[in-house]
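2 protein chains.
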Amino acid sequence: MAKSDFDIGDFLPYALNRAAEASSRGFQRYYKAKYGMTRTEWRVLFHLGRHGAMTASAICRKSDIHKTKVSRAVAALDKRRLLVRRPVEADRRHETLTLTNAGQTVYRDLAQAAQRFDADLADLFAPEEQAVLRRCLARIAAQGDGASG
Amino acid sequence: MAKSDFDIGDFLPYALNRAAEASSRGFQRYYKAKYGMTRTEWRVLFHLGRHGAMTASAICRKSDIHKTKVSRAVAALDKRRLLVRRPVEADRRHETLTLTNAGQTVYRDLAQAAQRFDADLADLFAPEEQAVLRRCLARIAAQGDGASG
DNA sequence: TGTTGTTAGTTACATTCTCAACTATTATCT
DNA sequence: AGATAATAGTTGAGAATGTAACTAACAACA
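For the protein sequence lines, the chains are A and B, in the order given. Counting from 776, one number per residue, gives the positions in the first sequence under the numbering used here. Counting from 776, one number per residue, gives the positions in the second sequence under the numbering used here.
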């Protein structure tokens with residue numbers, strides 16, 4: 776059964792990882808150099824900028840980021856005054872997170888930069904290829920844990 | 776220019792990351808639970824198992840893993856007696872790394888497991904889709920740093 | 001031979017991640 | 001009401017990573 780010539784380059788998770796790292800590098804350098812931001816911080820900022828005020832746990836659900844990472848990212852963004860936390864009256868375990876004006880400015884800048892990087896990447900492919908690629912990626916992500924053993 | 780409805784899900788590096796993480800999870804759990812291994816350790820082991828004895832710097836070149844990570848992974852594998860280091864007579868800066876019998880056993884087990892996981896993933900796609908996917912991933916990885924601004 | 005530069009690999013430090021334990025608040029069930 | 005469980009979010013310890021500085025061995029050239 777096991778082909779002895781199975782190479783690590785054939786291993787899909789490996790190929791995905793390398794592509795993910797390569798494609799992230801440029802944008803990562805951008806927000807790191809310009810705002811000293813972490814990937815998690817950027818993602819949290821993005822969710823708030825794109826979808827409006829929400830609680831930390833809502834971000835967790837939407838993004839699949841672990842709550843400790845979100846918690847720390849929120850603390851960092853709060854410290855830099857890019858967002859404010861407001862306790863929810865009805866349930867004081869929750870805090871509503873809202874971007875400040877400064878936070879929205881950063882969000883807009885990063886969102887635009889992200890679009891530029893994305894467009895550059897998209898140039899590598901024909902439209903049909905890109906469609907297939909995105910479809911495949913979505914399917915892999917959706918399949919979640921799956922994969923027997 | 777900037778479409779305001781640009782969503783994080785549309786951002787290719789993000790989609791790649793999620794797919795990479797989702798696809799890695801199962802296998803990662805496997806080698807972590809069974810051998811207490813790190814991803815870097817597995818990769819180093821794999822290179823040695825697949826391509827035979829080589830030096831640490833050769834592994835760095837082939838795998839694009841940073842030398843400090845390789846160094847630590849080699850130390851860990853050495854400690855568990857999965858490989859042996861043999862200084863190269865002609866140039867004593869080098870060490871030849873060779874898997875022990877125990878190391879080869881682990882390699883074979885992990886290589887087979889990797890193939891199983893890979894096959895399960897491949898089942899998500901039609902053959903043409905899979906071809907396109909792999910081609911796209913290779914192109915992204917190859918493009919390396921690229922991406923202008 | 002001695003100086004300078006390069007390469008292989010390790011070590012140190014600061015940051016980030018993971019995982020488990022913890023506090024505070026609300027929900028449930030009797 | 002009172003005990004128990006669940007949820008939101010934080011904190012702390014240990015592992016993993018990234019970056020830079022370091023040691024040791026070789027190369028090249030005066």
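Even glycine gets a Cβ: it sits at the ideal position worked out from N, Cα and C.
The Cβ-Cβ distance between residue 896(A) and residue 872(B) does not fall below 8 Å.
The beta-bridge partner set that DSSP reports for residue 830(A) consists of 871(A). Neighbours of residue 834(B) across chain A, judged by C-beta separation under 8 Å, do not exist; the nearest C-beta is about 11 Å away. Contact residues of the segment 888 to 908 of chain A toward chain B are 888, 889, 890, 891, 892, 893, 895, 896, 897, 899, 900, 903, 904, 905, 907, 908 (C-beta to C-beta distance below 9 Å). Burial is judged here by how many other beta carbons sit within 10 angstroms of a residue's own beta carbon; residue 815(A) has at least 16 and is buried. Of all residues in the segment 811 to 828 of chain B, those with a C-beta nearer than 8 Å to a C-beta of chain A are 818, 821, 822, 825, reading in chain order. As DSSP reads the structure, residue 861(B) sits in a beta bridge with 871(B). Per DSSP, the continuous alpha helix (DSSP H) segment holding residue 891(A) begins and ends at 876 to 897. The DSSP-derived three-state label of residue 839(A) is coil.
In the structure shown, residue 784(A) falls within a helical segment according to DSSP collapsed to helix, strand and coil. Residues of chain A whose Cβ lies closer than 7 Å to the Cβ of residue 884(B) do not exist, since the nearest Cβ in that chain is about 10 Å away. In this structure, the alpha-carbon of residue 911(A) lies about 14 Å from that of residue 902(A). Taken through DSSP and simplified to helix, strand or coil, residue 824(A) comes out as helix.
Between residue 791(A) and chain B, the shortest Cβ-Cβ separation is below 8 Å. Per the coordinates, the alpha-carbon of residue 803(A) lies some 28 Å from the alpha-carbon of residue 870(A). Under the three-state reduction of DSSP, residue 853(A) is assigned to helix. Residues of the segment 842 to 872 of chain B that bring their beta carbon within less than 8 Å of a beta carbon in chain A are absent altogether. Nearest in C-alpha terms to residue 820(B), of all of 904(B), 799(B), 847(B), 798(B), is 847(B).
The CB of residue 874(A) never comes closer than 7 Å to any CB in chain B; the least such distance is about 15 Å. Within its own chain, the residues whose Cβ lies closer than 8 Å to the Cβ of residue 818(B), once the five positions on either side in sequence are excluded, are 838, 840, 848, listed in chain order. The beta carbons of residue 798(B) and residue 791(A) sit about 6 Å from each other, so the pair counts as a contact at 8 Å. Contacts between residue 918(A) and chain B, judged by CB atoms closer than 7 Å, involve 797, 899 in chain order. Between the alpha carbons of residue 916(B) and residue 843(B) lies a distance of about 22 Å.
The alpha-carbon separation between residue 891(A) and residue 859(B) amounts to approximately 48 Å. About 7 Å separates the Cβ atoms of residue 824(A) and residue 886(A), confirming a contact at the 8 Å cut-off. When 7 Å is used as the limit between beta carbons, residue 794(B) is near these residues of chain A: 791, 912, 915, 916, in chain order.
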